[in-house]
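Sequential numbering from 4 applies to the sequence shown in our numbering.
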Amino acid sequence: MVREHGDAVVLIGFSGSGKSSAGRELAARTYLPCYDTDEMICMRTGRTITQIFEEQGEAAFREMESAALREIPEGRAIIVTGGGLILRPENAQLIRERGQVIYLQAHEEALAQRTQRQPTRPLLRSADPRRTISALLRAREPLYARLADEAVDTTTLTPTETAEAIMQLLGWSDESRP
Ligand code: S3P
């Protein structure tokens, strides 16, 4: 399907799917700027995401995600999104307009293992994180899939391999990058 969209590459997917590390790797290979909405929000507020959730709640954080997306300059770039950013229909629209949307997916087991190693996600700090991941994934998978132009399964991939797979999908090589 041919879609009218901007020049950015937007990475979406659940926590632990490898968006941030693949985004950094892609930016390093392509010399494109990389915008990570979680990082933008932390820089702007001087707070961690956990603090924002605790002090202002999830709805306020979702507002900040929309604002961060709107702040990203038009043009060629890598855009890394937080796992729940796609929940707002408004954000889904903004993402589509920005560029090619790549869905990084991974098996639930891999997501659980990877997120366990970095316990910084307020939504996954539950009594039973596995169950929470399962429930969130079930609700979100159709949203990720509907938004995506392409998908990469990162279950067995390193960040470098994920970046390479994305470059291949986009028809970029180290010689013919954008
Ligand atoms: C969230 C995912 C996180 C971060 C916040 C909420 C979510 O980003 O935006 O903790 O709702 O899934 P990552 O996908 O980078 O973990």
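Backbone N, C-alpha and C define an ideal beta-carbon position, used for all residues, glycine too.
Please read all numbers here as calculations on a predicted model, not as lab measurements.
Exercise. Are at least three pairs of beta-carbons, each pair with one atom in the region 31-39 and one in the region 114-128, less than 8 angstroms apart?
Worked result: no
Discussion item. Excluding the 5 residues flanking isoleucine 55 on each side, which residues of the same chain have their C-beta closer than 6 angstroms to its C-beta?
Written reply: Here the set comprises Phe64.
Ends of the alpha helix (DSSP H) at aspartate 156?
-> Looking at the DSSP string, aspartate 156 is not in any alpha helix (DSSP H); the run it does join, the beta strand (DSSP E), is 153-156.
For threonine 158, which residues from the same chain have a beta carbon less than 7 angstroms from its beta carbon, with the 5 sequence-adjacent residues on both sides left out? A distance below 7 angstroms between beta-carbons, with the five flanking residues on each side excluded, links threonine 158 to the following residues of its chain, in chain order: Ala109, His110 and Ala113.
What residue ranges within the region 90-140 form continuous alpha helix (DSSP H) runs of no fewer than 4 residues, ordered along the chain?
-> Counting only runs of 4 or more, we get 92-101 and 111-120.
*If you pair each beta-carbon of the region 91-104 with each one of the region 21-32, do three or more pairs fall below 8 angstroms?*
no
Quick one: what does DSSP say leucine 35 is sitting in, helix, strand or coil? coil
Identify which residue in Pro132, Gly19 and Ala138 has its Cα closest to the Cα of threonine 161.
-> Ranked by how close their Cα comes to the Cα of threonine 161, the residues Pro132, Gly19 and Ala138 have Gly19 in first place.
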